[in-house]
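Scroll down for the structure; my scribbles are underneath it.
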Amino acid sequence: MNRIYRWYRSWSLATRQFLFLFIITFTFFVLLAWNNYYKAADLFKNQMVSDSVTLIARTNQFLDTYLDNSRNVLLLIATDAKLLQEGDGNKISESLRFIAENNSALVKTLYLIRKDGKVYASSQVKYEIIGNPQLRSIYDKSQKTYGAAVVSQPYASTLSGETVAISRPVSSSNGDIIGVAVIELNLENLNRKISELTSGSYQTFVIMSDKDKVVTFDRDNGILPQKPGTYHEDLPESFVGKLAGLPITASEVNGSTGKLVVVKSGQNRLGWTLLVLIKDRYFYQNVIRLFDNYKAAASIWFVVLLFMAFAMSRYMTKSIRMLAIKMDRVQDIGVIPNLVVKREDEIGRLTQSFNAMMERIRNLLQETKQMEERKKQLELKMLQSQIAPHFLYNTLACIGSLAKQHRTQEVKETIRALVGVLSFSFDKTSEFLTVEEELAGLNLYMQIQKIRYGDKFTFIQQIDPEALSCSILKLTLQPILENAVFHGIAPSRKGEGLIHVRGSIRKGKLRFFIRDNGTGMEKTKLRKALEERMIDPGSERTSGIGMANVHQRLRIHYGASYGLRIGSVPHAGTVVCISIPVSRR
-14 MNRIYRWYRS
-4 WSLATRQFLF
6 LFIITFTFFV
16 LLAWNNYYKA
26 ADLFKNQMVS
36 DSVTLIARTN
46 QFLDTYLDNS
56 RNVLLLIATD
66 AKLLQEGDGN
76 KISESLRFIA
86 ENNSALVKTL
96 YLIRKDGKVY
106 ASSQVKYEII
116 GNPQLRSIYD
126 KSQKTYGAAV
136 VSQPYASTLS
146 GETVAISRPV
156 SSSNGDIIGV
166 AVIELNLENL
176 NRKISELTSG
186 SYQTFVIMSD
196 KDKVVTFDRD
206 NGILPQKPGT
216 YHEDLPESFV
226 GKLAGLPITA
236 SEVNGSTGKL
246 VVVKSGQNRL
256 GWTLLVLIKD
266 RYFYQNVIRL
276 FDNYKAAASI
286 WFVVLLFMAF
296 AMSRYMTKSI
306 RMLAIKMDRV
316 QDIGVIPNLV
326 VKREDEIGRL
336 TQSFNAMMER
346 IRNLLQETKQ
356 MEERKKQLEL
366 KMLQSQIAPH
376 FLYNTLACIG
386 SLAKQHRTQE
396 VKETIRALVG
406 VLSFSFDKTS
416 EFLTVEEELA
426 GLNLYMQIQK
436 IRYGDKFTFI
446 QQIDPEALSC
456 SILKLTLQPI
466 LENAVFHGIA
476 PSRKGEGLIH
486 VRGSIRKGKL
496 RFFIRDNGTG
506 MEKTKLRKAL
516 EERMIDPGSE
526 RTSGIGMANV
536 HQRLRIHYGA
546 SYGLRIGSVP
556 HAGTVVCISI
566 PVSRR
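Here the sequence shown stands for residues -14 to 570, where the numbers follow this note's numbering.
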């Protein structure tokens, strides 16, 4: 990968521009052609779906007519109650056979079921031999409809095969129900009729009942999947479940030959739903000719594009190459020549920008030098002020007072802490140290202050263990603690003072919060707390650095987004937040 990248970087600007123009333009053309190709296919698909919706509406009209004709046959039987009351079995069977033969396009088998359970069929002999166990449940459901026709769910009949039954009660002249007339529909004939309307080499149909059962479908075109191990080529239950869950609109499912577009209707008067399934590939077969035209146009455009990209890249980079030759003559950054501007186009503006950039470089060099000088001055100021005379005087006076009181142990501890503070302050080995080392020096300083002020305040520190190994500028925390002791706790007339130091790592930043419950600061003083004029060389401080210098040192080393933030409430206390990036030694 590195070799390829180095090889790419060795190309000239003209070569890169040529390849860039060629690739971008060619890609745009390919995407445009591809987009148009699929949009054309989608347009054709939408047209086909619209045609399928119209076809479904017409097919549902046919099914409604089919239902009306079936009801008329039932009505013909149901109104002839006298035939059933006479009880002549041969006459009833002959009448049913006659009606069934004259309506064979609709009827597979006709039944008349008397109230006592006696059944007459249009194929009486076959019924007496085979029977039909479904008639009992059909009879019971029809009894509860108060004269309305009932459409059953699809089932396998011993006489009619796969069928659906439509039943209606037969009433006497006085309104009593004396039996039920039943038609088992000729679904094979219905399947052929609907296949003529909806099926083809690229599409098929499925009719489902209101209980999501398959009434009939086209078994001959092989578009739909087949349930393994079934003689009648039933649809898999998973596929039927997918069809049942589709919305009443155009959707997609996977069939045996690939993806299918399904157009689903609402329920018709039979309670049935018609679904037309179209091969997804069919939509794209009709735009292949358009794709061939795109390929021919792409071949011509490819040659033209090569020539145009080459000519444009050479023309556009000629002046840039000349400018690069002049810019290469800049060897000494201290002597930066201005280029002569002779053009007013983009190349001329580029030359002007180059001259302006050189001027900015000069200014940045000057600012960098000034910043370095300022940084050195601040560091020098820190080193020169590391030991404040007042601090040494007061500490030694404290030691003398302890000695007069014969408090030998406290004298030893104070001297040991003072030596530690002096060693920590004079140590010039590194400008940075770990948080743990900074806290060690801080604890020595606070030990002296605790001996000096006694029980006037309590010092608490809570530092996350993961923060102890982080790097920090030397003498960052100590000046803040000085301010808390001398300007917060010492002047306060409260009971027990509190200084709390908390340090943690949050979102890639190392933060310290130094809180005291001292006198606090007024708003005017708070606004000036980080300004240089707040530094008082005569105040009694150990380092003499002050919060303003700490703030400036942090901003110089880490950037303007880091440093100190101060919040204070008069007579309540002060909180100082120190924020620096996380780094480890």
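Idealized CB from N, CA, C, for every residue including glycine.
On a predicted model such as this, the values are computed, not experimentally measured, just so you know.
Alpha carbon to alpha carbon, how far is residue j from residue i? Give it in angstroms, no decimals.
| i | j | result |
| --- | --- | --- |
| S408 | K397 | 16 Å |
| E467 | H542 | 22 Å |
| A388 | I465 | 30 Å |
| W286 | A26 | 23 Å |
| L228 | S250 | 12 Å |
| T234 | Y267 | 19 Å |
| M343 | E358 | 23 Å |
| G482 | G503 | 7 Å |
| V486 | F5 | 59 Å |
| A545 | I(-11) | 40 Å |
| I305 | I8 | 22 Å |
| R(-9) | V535 | 46 Å |
| V406 | R437 | 15 Å |
| S410 | A402 | 12 Å |
| F392 | R491 | Residue identity check: residue 392 is Arg in the sequence provided, not Phe. Those two C-alpha atoms are separated by around 45 Å. |
| F13 | N(-13) | 29 Å |
| E421 | A469 | 21 Å |
| L365 | N348 | Unreliable positioning characterises L365 in this predicted model, as indicated by a pLDDT of 48, which lies under 50. The coordinate reading is nonetheless provided below. Straight-line Cα distance between these residues: approximately 26 Å. |
| V225 | A42 | 22 Å |
| W257 | L52 | 11 Å |
| V199 | E147 | 10 Å |
| Y279 | N340 | 49 Å |
| L28 | V34 | 10 Å |
| L220 | Y112 | 29 Å |
| Q394 | L350 | 58 Å |
| V15 | L245 | 27 Å |
| G74 | L170 | 23 Å |
| L209 | N174 | 20 Å |
| S37 | Y22 | 22 Å |
| G102 | Q128 | 13 Å |
| Q434 | M356 | 36 Å |
Applying the 10 Å Cβ sphere with the 16-neighbour rule, what's the burial state of residue i?
| i | result |
| --- | --- |
| N253 | buried |
| S89 | exposed |
| F292 | exposed |
| V404 | exposed |
| R518 | Residue confidence is low: R518 scores 42 on pLDDT, short of 50, so the model does not pin down where it sits. No coordinate-derived value is stated. |
| P154 | buried |
| K352 | Going by the sequence as given, residue 352 is Glu instead of Lys. So E352 ends up on the exposed side. |
| S415 | exposed |
| A106 | buried |
| Q463 | buried |
| R345 | exposed |
| E423 | buried |
| V191 | buried |
| R500 | buried |
| A150 | buried |
With respect to 7 Å, is the separation between the Cβ of residue i and the closest non-hydrogen atom of the ligand COA below this value?
| i | result |
| --- | --- |
| P555 | Only the bare structure without any ligand can be found here, which leaves the ligand COA out of the picture. |
Got a sec? Which residues, its chain only, sit under 6 Å from residue i by beta carbon, not counting five neighbours each side?
| i | result |
| --- | --- |
| Y547 | L539, S564, I565 |
| I445 | H485 |
| C562 | F498, R550 |
| K360 | I541 |
| A557 | G505 |
| R99 | G164 |
Sorted by chain position, which residues of the same chain lie with C-beta nearer than 7 Å to residue i's C-beta, five sequence neighbours on each side aside?
| i | result |
| --- | --- |
| T44 | I179, L182, T183, L259 |
| L511 | I551, S553 |
| N54 | L91 |
| P450 | none |
| L368 | No answer about L368 holds up, because its pLDDT of 49 lies below 50 and its placement is not dependable. |
Would you please verify whether the beta carbon of residue i is less than 8 Å from any beta carbon of chain B?
| i | result |
| --- | --- |
| N206 | Within the model displayed, chain B is absent; a lone protein chain is all it includes. |
Going by beta carbon distance, what residues of the same chain come within less than 8 Å of residue i, once the five residues before and after it are set aside?
| i | result |
| --- | --- |
| V58 | I84, N88, L91, V92, L95, I168 |
| G493 | P566, V567 |
| T243 | One detail in the question is off: residue 243 reads as Gly in this sequence, not Thr. Answer for G243: K264, D265, R266, listed in chain order. |
| M532 | P464, I465, N468, A514, L515, M519, L549, I551, V561 |
| P555 | T504, G505, M506, E507 |
| L40 | L182, T183, V261 |
Counting pairs of Cβ atoms below 8 Å between the segment 190 to 198 and the segment 126 to 139, do you hit three or more? Cβ pair count under 8 Å is three or more, so yes.
Minimum length 3: unbroken beta strand (DSSP E) runs contained in the segment 424 to 505: Entirely contained in the segment 424 to 505, the beta strand (DSSP E) runs reaching 3 residues are, in chain order, 442 to 448, 456 to 458, 482 to 491, 494 to 501.
Jot down the residue ranges of each uninterrupted beta strand (DSSP E) in the segment 107 to 185, minimum 3 residues, whole runs only, in chain order. If only uninterrupted beta strand (DSSP E) runs of at least 3 residues are considered, those enclosed by the segment 107 to 185 are 140 to 142, 146 to 148, 150 to 156, 162 to 170.
If we require 4 or more residues per run, which alpha helix (DSSP H) segments fall completely within the segment 192 to 280? Entirely contained in the segment 192 to 280, the alpha helix (DSSP H) runs reaching 4 residues are, in chain order, 222 to 229, 265 to 270.
What are the start and end residues of each continuous beta strand (DSSP E) run of 3 or more residues lying completely inside the segment 526 to 570, in chain order? With a minimum length of 3 residues, the continuous beta strand (DSSP E) runs that stay inside the segment 526 to 570 are 548 to 554, 558 to 566.
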